[in-house]
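Notes to accompany the following structure.
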Amino acid sequence: MQCPRCTDYELKTVKSDDIEVDQCPNCLGIWFDVSEMTALVEKQNLDGIKLSGKPGGMRTIVPLNCPRDGTLMDMVNDVKAADVQMDVCPTCGGRWLDGGELDRLRERGMLANLKNFFVTYILPD
Numbered sequence: 033m034q035c036p037r038c039t040d041y042e043l044k045t046v047k048s049d050d051i052e053v054d055q056c057p058n059c060l061g062i063w064f065d066v067s068e069m070t071a072l073v074e075k076q077n078l079d080g081i082k083l084s085g086k087p088g089g090m091r092t093i094v095p096l097n098c099p100r101d102g103t104l105m106d107m108v109n110d111v112k113a114a115d116v117q118m119d120v121c122p123t124c125g126g127r128w129l130d131g132g133e134l135d136r137l138r139e140r141g142m143l144a145n146l147k148n149f150f151v152t153y154i155l156p157d
């Protein structure tokens, strides 16, 4: 799959214990399938996934295309983390976080609240 932010880079599979996600080697953005995000929210230790760093691509108000199926993704903000914006595919339910966004959520101690955010706003029926 191509990175939806950089578009010139292939996403690479990275693993933290039994969870595999796809990460861009350039911008460090992370693509999560639905089951991957649910499992990730439960984990305290994310060794193997590069969390820090600035995104290589620039955040724009233009929606991204899903790397899995090409559908235009919806941008979702949480009022508790205004500088973190998740892109969600309405077709496959996959999610994209730009490089550094997962780290910012963890730094604020919001990982515990992240599960509630996903259940409320993100998870498909």
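Numbering (my numbering), first residue to last: 33 to 157.
Note that CB positions come from ideal geometry on N, CA and C, so glycine has one too.
Note that the structure is predicted; figures quoted are calculated from it, not measured.
Inter-residue spacing [alpha-carbon to alpha-carbon] between residue i and residue j
i	j	result
P99	L78	23 Å
D135	T39	22 Å
R243	C35	Residue 243 lies beyond the range of the chain shown here (33 to 157); nothing can be said about it.
G89	V66	Low confidence applies to G89: its pLDDT is 47, below 50, so where it sits in the model is not reliable enough to give any reading.
R37	N109	17 Å
A71	F64	10 Å
T21	D101	A query on residue 21 cannot be resolved here, the shown segment of the chain reaching from 33 to 157 and no further.
N97	T103	5 Å
I62	V94	18 Å
Y41	K47	19 Å
M160	L43	Past the boundaries of the shown model lies residue 160; the chain is included only from 33 to 157, so the question cannot be answered.
Beta-carbon spacing of residue i, residue j below 8 Å
i	j	result
Q117	M107	yes
G131	L60	yes
Classification of residue i by the beta-carbon crowding that lies within 10 angstroms, buried from 16 upward
i	result
E133	buried
Q49	Before going on, a small fix: residue 49 reads as Asp here, not Gln. Burial call: exposed.
Whole-number beta carbon distance between residue j and residue i, since they are thought to touch under 8 Å
i	j	result
I51	E68	6 Å
Residue i Cβ short of 7 Å to the ligand GTP heavy atom set
i	result
G132	Within the structure as shown, the ligand GTP is missing, as the structure has no ligands at all.
Three or more C-beta pairs below 8 Å linking the stretch 46 to 58 and the stretch 116 to 123: Between the stretch 46 to 58 and the stretch 116 to 123, the count of C-beta pairs closer than 8 Å stays below three; the two stretches do not touch.
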